[in-house]
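Trainee: Take the position in the sequence shown, starting the count at 1, then add 12; the result is the number in this note's numbering.
Idealized CB from N, CA, C, for every residue including glycine.
If you scroll down you'll find the structure; I have some questions about it.
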Amino acid sequence: MFSRLIALFRTHEQAVPEPIVRPLSSGSASQPTSPLQSLERRHSFSFESEDRASFYRFLRDHIPIVSSGIWTWVNLCCTPQRMALSGSDSETRTATRILDNLSKRIYPRDDGDSRGFERLVQSIFLDLFTVGRVALIARLLPDRSGISHIQVIDPYLIHWKRDPEGIHRAYLEIEDGSLSPLPQDVFFYRTLLSDLHNPVGIEPLSSIPFVVDIEQRMLNDMARSSHNAGTPRLQIRMTPPEKHPGEDFESYTSRSNEYFSSTMQQFRTLEADDNVFTWSDVEVQLVGGAGREGTVWKINREQVIEDVITGLKLFPWVLGRSHGTTKNWVYAQYNLLMQIADSVQQLGSDLIEWLATLELRLHGNIADPNWKFTPNQDPFLVDRNRARLLELDRVERLVKNEFITRDQGIRELGYKPEADGKRKSNDDDGQKSLE
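Structure, rendered in structure tokens:
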């Protein structure tokens, strides 16, 4: 199935290598198969580790709906970012200079861009949503005074073994096939989703290929069907005139041909604002390309595309394919998307804080770095504020009518009572006062 899917694009992209697969059962891959047979065939193939990653990247780069879904996830998570440092003034000033220099050289491509941290976060998000994992090694300077650069490792070359204490340890597969232990102090590995029983993580696109194969075959069939149906055309049907009494055959034929030619000439020279004047023996109808075939194709393909979107862990309205979704349902889905984005952003913070901490400690600096993401803009902010005001009014009425105490009302609003009269929110780092 995978080789057939890639073959659809072979004429457009010659440089993409075809994944190496080993068929475990006999049969020609070029023969048309049903979706069920295609699913069985997909499970009857064994993949080399590097080829599976290449295939997922192929889907990301060549299947529009998959590319749009991954692009949406990456940009949803890549909000504006900044570094916050805590510590003494002298330590934070020195740390700022050290980390500015590190940001200029940390990205594994020497192109002069000083925003290395942001680009690195964007790159790992792209890999996380494509193959579900990312593996990096921090390469140190010869004198171990700092980080030289990072080396990106194919995550499919990372193998895990359980030690006698039950902890999984990472090993790198080298060229001769042997496994070399990875240094834990300079090795970074994260997965999009964690699985206690599978330390390599979960592939987010593993549920996509079968549906994508159906969608691409359907698109190909649509093109062939449309080509076969042809372009809609006008068919002009004229009833031959009646033969006059005593008219010979040659005169009748000449008169009929002249009438046919004059009517045909009217249609050939017809402009957009012209009219045609004929007897009632002329009939015009549309032939070719008519009917509901196009609508049926579109409905069927939209259903398959929605299955692909579901496999991408998105909702149709996020990619502009909403079909009458209610506002309340979109509100709930938006909250879920933001929760997922927050958890993925934490993976980006883990990487940058790990690199920054390692660099600062190698320089003898004890400042603590904190990589922060700006929250996504909330389209329901007005509704949330309105609901918050209603909640405040409700609690205030309960307090005034002595159903609850003032301190109970403060706690119900998410604040902590304090002796000095100030109220501190449980959900906020700053101080808030409640009048």
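Given Y264, which residues of its chain have a CB within under 7 angstroms of its CB, disregarding the five upstream and five downstream residues?
Mentor: K255.
Trainee: Do I149 and Q163 count as a contact pair if the criterion is CB distance below 9 angstroms?
Mentor: Going by C-beta atoms, Q163 is nearer than 9 angstroms to I149.
Trainee: Can you tell me where the alpha helix (DSSP H) with I220 in it begins and where it stops?
Mentor: Where I220 is concerned, there is no enclosing alpha helix (DSSP H), given that its DSSP letter is neither H nor E.
Trainee: Express the C-alpha separation of I136 and S46 in angstroms, rounding to a whole number.
Mentor: Confidence is the limiting factor: at S46 the pLDDT is only 41, short of 50, which leaves the residue's position unreliable, though a coordinate-based value still follows. Taking the straight line joining both Cα atoms gives about 37 angstroms.
Trainee: Hey, E215 and Y68: beta-carbon distance below 9 angstroms or not?
Mentor: In this structure, Y68 lies closer than 9 angstroms to E215 by Cβ.
Trainee: Is the separation between the beta-carbon of I159 and that of L348 shorter than 9 angstroms?
Mentor: Taking 9 angstroms as the Cβ cut-off, I159 and L348 do not qualify as a contacting pair.
Trainee: Count the other CB atoms, across all protein chains shown, that sit within 10 Å of the CB of G360; report buried if there are 16 or more and exposed otherwise.
Mentor: The residue in question, G360, is buried, as its Cβ has 16 or more Cβ neighbours within 10 Å.
Trainee: Could you tell me whether the Cβ atoms of P167 and V212 are closer together than 9 angstroms?
Mentor: The answer is yes: Cβ separation under 9 angstroms.
Trainee: Exposed or buried, which one is D440 when buried takes at least 16 other CB atoms within 10 Å?
Mentor: Confidence at D440 is low in this model, with a pLDDT of 46, below 50, so the placement of that residue is unreliable and no value is reported for it.
Trainee: If you draw a straight line from the C-alpha of L132 to the C-alpha of T203, how long is it?
Mentor: One C-alpha to the other measures close to 16 angstroms.
Trainee: Let me know the secondary structure DSSP gives D395 once reduced to three states.
Mentor: Helix, per DSSP.
Trainee: Residues in its own chain within less than 8 angstroms of F272 by CB, not counting five upstream and five downstream?
Mentor: So the list reads M250, once near-sequence residues are dropped.
Trainee: Could you check whether the region 378 to 398 touches the region 85 to 99, counting it as contact only if at least three pairs of C-beta atoms, one from each stretch, sit closer than 8 angstroms?
Mentor: A contact exists between the region 378 to 398 and the region 85 to 99.
Trainee: Using a Cβ-Cβ cutoff of less than 8 angstroms, which residues in the same chain neighbour L374 once the five nearest sequence positions on both sides are dropped?
Mentor: The answer, listed in chain order, is L152, R156, S157, G158, I159.
Trainee: Just the Cα atoms here: how many angstroms apart are D390 and I352?
Mentor: In a straight line, the C-alpha of D390 is about 15 angstroms away from that of I352.
Trainee: Rounded to a whole number of angstroms, what is the C-alpha to C-alpha distance between L111 and L363?
Mentor: If I take the Cα positions, the gap works out to 14 angstroms.
Trainee: Given that a residue counts as buried once 16 or more other Cβ atoms are within 10 Å of its Cβ, and exposed if not, what is Q357?
Mentor: With 16 or more other Cβ atoms within 10 Å, it is buried.
Trainee: For I364, which beta-bridge partners are listed by DSSP?
Mentor: Beta-bridge pairing links I364 to no other residue.
Trainee: Taking Cβ to Cβ, would you say F129 is nearer than 9 angstroms to Q93?
Mentor: Yes, the Cβ-Cβ distance between F129 and Q93 is below 9 angstroms.
Trainee: Unbroken alpha helix (DSSP H) runs of length 4 or more, entirely within the region 397 to 428: which are they?
Mentor: Those alpha helix (DSSP H) runs which fall completely within the region 397 to 428 and span 4+ residues are 418 to 424.
Trainee: Spatial neighbours of E103 within its chain, please: CB distance less than 7 angstroms, with the 5 preceding and 5 following residues excluded, ordered by chain position.
Mentor: Counting only Cβ-Cβ distances below 7 angstroms, and skipping sequence neighbours, we find N377, I378, A379.
Trainee: Quick one, which of R127, R121, F70, L138 has its alpha-carbon nearest C89's?
Mentor: It is L138.
Trainee: Suppose contacts are defined by Cβ-Cβ distances below 9 angstroms. Is V299 in contact with I75 by that definition?
Mentor: No, the pair does not count as a contact, with Cβ atoms beyond the cut-off.
Trainee: Using beta-carbon positions only, say whether I248 and T275 come within less than 9 angstroms of one another.
Mentor: Yes, the Cβ-Cβ distance between I248 and T275 is below 9 angstroms.
Trainee: For P429, which residues from the same chain have a beta carbon less than 6 angstroms from its beta carbon, with the 5 sequence-adjacent residues on both sides left out?
Mentor: D419, I422, listed in sequence order.
Trainee: For chain C, is any of its Cβ atoms less than 9 angstroms away from the one on D419?
Mentor: The structure shown contains no chain C; it holds only a single protein chain.
Trainee: Does the Cβ-Cβ distance between M350 and N397 come in under 9 angstroms?
Mentor: The answer is no: Cβ separation not under 9 angstroms.
Trainee: Relative to the C-alpha of D122, which candidate in H161, G144, P154, A147 has its C-alpha closest?
Mentor: Checked all of H161, G144, P154, A147; the closest Cα to D122 is H161.
Trainee: Between P252, L194, Q278, which lies nearest to S266 when the distance is taken from Cα to Cα?
Mentor: For S266, the nearest C-alpha among the options comes from P252.
Trainee: Tell me the DSSP secondary structure of P211 in three-state form.
Mentor: The answer is coil: DSSP assigns P211 none of H, G, I, E or B.
Trainee: Return the CA-CA distance between R229 and H171, expressed in angstroms with no decimal places.
Mentor: About 36 angstroms.
Trainee: Just grab the DSSP bridge partners of T203 for me.
Mentor: In the DSSP output, where bridge partners are listed per residue, T203 has R145.
Trainee: Between T106 and the rest of its own chain, which residues show a CB-CB distance below 7 angstroms, the 5 nearest in sequence each way excluded?
Mentor: Excluding positions up to five away in sequence, the list reads N377.
Trainee: With a 10 Å radius around its C-beta and 16 neighbouring C-beta atoms as the bar for buried, classify V146 as buried or exposed.
Mentor: Its Cβ being crowded by 16 or more others within 10 Å, V146 is buried.
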